[in-house]
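Student: Have a look at the structure that comes next, please.
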Amino acid sequence: MLNTINDLLRSSAHAANLILRDTAKVNPWLLLLGVALYLTAQAVRTRGWHTILLATYPDSGLRARDTCGAYLAGSGLNAIIPARGGDIVKLRLVHRKVPGSSYATLAGTFVPETVFETLFGTALVVWALARGFLPVPTSTGELPSVDVTLVIRHPIIVSVATLAVVALLLLVGRTVRRGATTLLDRFRQGLVIFGTPRRFVRGVASWQALGRLIRLGSLAAFMEAFALPVTLTTVVLVMAAQGGGRIIPLAPASAGLRLAMLSYGFAETTGQAVDIAQITAFTFGVGCVLMVSGLAVATVILWRQLGTLNPRKVLRASRYGAISTGVPTGTRG
89 MLNTINDLLR SSAHAANLIL RDTAKVNPWL LLLGVALYLT AQAVRTRGWH
139 TILLATYPDS GLRARDTCGA YLAGSGLNAI IPARGGDIVK LRLVHRKVPG
189 SSYATLAGTF VPETVFETLF GTALVVWALA RGFLPVPTST GELPSVDVTL
239 VIRHPIIVSV ATLAVVALLL LVGRTVRRGA TTLLDRFRQG LVIFGTPRRF
289 VRGVASWQAL GRLIRLGSLA AFMEAFALPV TLTTVVLVMA AQGGGRIIPL
339 APASAGLRLA MLSYGFAETT GQAVDIAQIT AFTFGVGCVL MVSGLAVATV
389 ILWRQLGTLN PRKVLRASRY GAISTGVPTG TRG
């Protein structure tokens with residue numbers, strides 16, 4: 089047992105040394121270019137959300153830089169706040185710029201904002217599946233089995249529990265029906281852009297497509313910085329590996345499976361094997377660089393707009409306005 093632990097520690101240390109070795113060889117200028125292109129792609133994408141917000145609140149006078157600042161601040165915080173908590177900051181920062189806006193309506197604008205990205209991500213997953221790059225189960229024996237012994241052995245317990253849940257849902261439903269109807273109406277207002285398909289394509293999808301194109305350039309710069317083979321296919325492969333986990337949680341959601349996908353995909357598309365340590369250094373190195381860059385941008389935006397970095401004060405200031413005066417900047421919704 090002790091020998092096994094020692095072998096595992098030696099293997100881990102060797103792997104870490106290989107990763108550090110490959111990371112030390114990174115071209116810093118190409119790394120900076122990748123970061124600049126990535127942030128540019130994010131800023132370009134915000135123009136789509138801005139179009140959606142203007143369609144929802146046409147008389148708000150919301151500026152594109154306000155939308156961009158809110159989006160970049162929230163996206164940067166998503167790197168450290170679980171369950172996409174940074175999206176709350178996005179809503180609060182936009183809410184203070186649009187007097188009379190409703191949080192439910194602003195949250196509804198996230199739906200059309202993610203339609204293109206979801207379709208594009210799905211297309212990447214389909215492409216990766218067609219090329220055999222995604223390690224998904226291929227037989228029923230690989231799928232997790234479902235234990236139904238509780239239902240078979242204890243039907244009375246299951247029946248009682250089901251009735252209790254149904255009764256609770258009916259009680260809660262009657263209590264919040266009116267409030268839910270109002271909330272749903274406000275949420276639907278955020279989907280008004282769907283009523284003008286041409287405006288959605290020209291003002292939302294086109295900007296997001298341009299952002300994806302710029303992001304391809306960012307990935308190419310990162311890959312070149314880490315001395316990975318750069319072709320159109322390998323760059324698309326990396327983009328599919330980064331985003332596929334949001335579409336199919338079975339596959340690249342796991343870091344290990346994502347690395348295996350890239351390792352196999354590089355060899356398959358270029359005809360030459362790529363060191364797994366090099367791929368690992370690229371994956372985690374780029375992730376760390378983007379996280380730090382996003383947080384830095386978010387910090388600057390929050391400081392300039394709110395004058396503080398204290399989490400409680402940020403939430404309070406983003407809702408009511410400047411901290412020094414405590415005067416609301418807009419009507420609450």
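The working numbering puts the first residue of the sequence shown at 89, with every later residue one more than the last.
Here a beta-carbon is modelled for each residue, glycine too, at the ideal position from N, C-alpha and C.
All of these numbers come straight from a predicted model, not from anything done at the bench.
1) Could you compute how far the alpha carbon of S46 sits from the alpha carbon of P187?
2) The alpha helix (DSSP H) with Q330 in it runs from where to where?
3) Jot down the residue ranges of each uninterrupted beta strand (DSSP E) in the stretch 154 to 218, minimum 3 residues, whole runs only, in chain order.
4) Leaving out the 5 sequence neighbours to the left and right, which residues in its chain are closer than 6 Å to G291 when beta-carbon positions are compared?
5) Can you tell me the Cα-Cα spacing of I367 and I302, whole angstroms?
6) Taking only the alpha-carbon atoms, compute the straight-line gap between D363 and L141 and give it to the nearest angstrom.
7) If distances are taken between C-alpha atoms only, which option among G353, M311, P170, L304 comes closest to W117?
8) Starting from R286, trace the alpha helix (DSSP H) both ways and give me its first and last residue.
9) By the DSSP assignment, the alpha helix (DSSP H) with R392 in it spans what residues?
10) Measure the alpha-carbon distance for L389 versus D175 and round it to whole angstroms.
11) Taking the beta carbon of G331 as the centre, do at least 16 other beta carbons fall within 10 Å, making it buried, or is it exposed?
12) Can the beta-carbon of K113 be found less than 9 Å from the beta-carbon of F275?
13) Can we say the stretch 147 to 167 touches the stretch 120 to 139, given the rule of at least three CB pairs closer than 8 Å?
14) Quick one: grab the DSSP three-state call for F310.
15) Quick check on I281: buried or exposed, where buried means 16 or more other Cβ atoms within 10 Å of its Cβ?
16) Looking only at C-alpha atoms, which of R184, L279, L316 sits nearest to L350?
17) Apart from the five residues on each side of it in sequence, which residues of its chain come closer than 6 Å, Cβ to Cβ, to F372?
18) Near M379, what residues of its chain come up, given a Cβ to Cβ distance below 8 Å and the 5 sequence neighbours on each side ignored?
19) Could you work out which residue in Y145, G162, A152 is closest to V385 when comparing CA atoms only?
20) I need the straight-line Cα distance from L320 to G305, nearest angstrom please.
21) In its own chain, which residues sit with a C-beta less than 6 Å from the C-beta of A293, not counting the 5 before and 5 after it?
22) Helix, strand or coil for R151? Go by DSSP, reduced to three states.
23) Looking at V318 and L119, is the spacing between their C-beta atoms short of 9 Å?
24) Just tell me which of R180, R287, T270, A124 has its CA closest to the CA of P200.
25) If we count the other Cβ atoms within 10 Å of its Cβ and call it buried at 16 or more, is V177 buried or exposed?
26) Helix, strand or coil: how does DSSP classify A143 here?
27) Identify which residue in L165, G353, Q296, D273 has its Cα closest to the Cα of L207.
28) Tell me which residues share the same chain as L194 and place their Cβ nearer than 7 Å to its Cβ, disregarding the 5 neighbours each side in the sequence.
Tutor: On the basis of the coordinates in this document:
1) This structure cannot speak to residue 46, because the chain is shown only from 89 to 421.
2) Unbroken alpha helix (DSSP H) run through Q330: 320 to 331.
3) none
4) T139
5) 22 Å
6) 46 Å
7) M311
8) 285 to 288
9) 364 to 394
10) What sits at residue 389 in the sequence shown is Ile, not Leu. A direct Cα-Cα distance of roughly 15 Å separates I389 from D175.
11) That one is buried.
12) no
13) yes
14) F310 falls in the helix class under three-state DSSP.
15) buried
16) L316
17) none
18) A167, I168
19) Minimum Cα distance to V385 is reached at G162.
20) 10 Å
21) F204
22) If DSSP states are grouped into helix, strand and coil, R151 belongs with coil.
23) no
24) For the residues R180, R287, T270, A124, the minimum Cα distance to P200 belongs to R287.
25) buried
26) helix
27) L207 has its Cα closest to that of Q296, out of L165, G353, Q296, D273.
28) Non-local beta-carbon contacts of L194 in its own chain, meaning distances under 7 Å to residues more than five positions away in sequence, involve L179, V182, H183, G278 in chain order.
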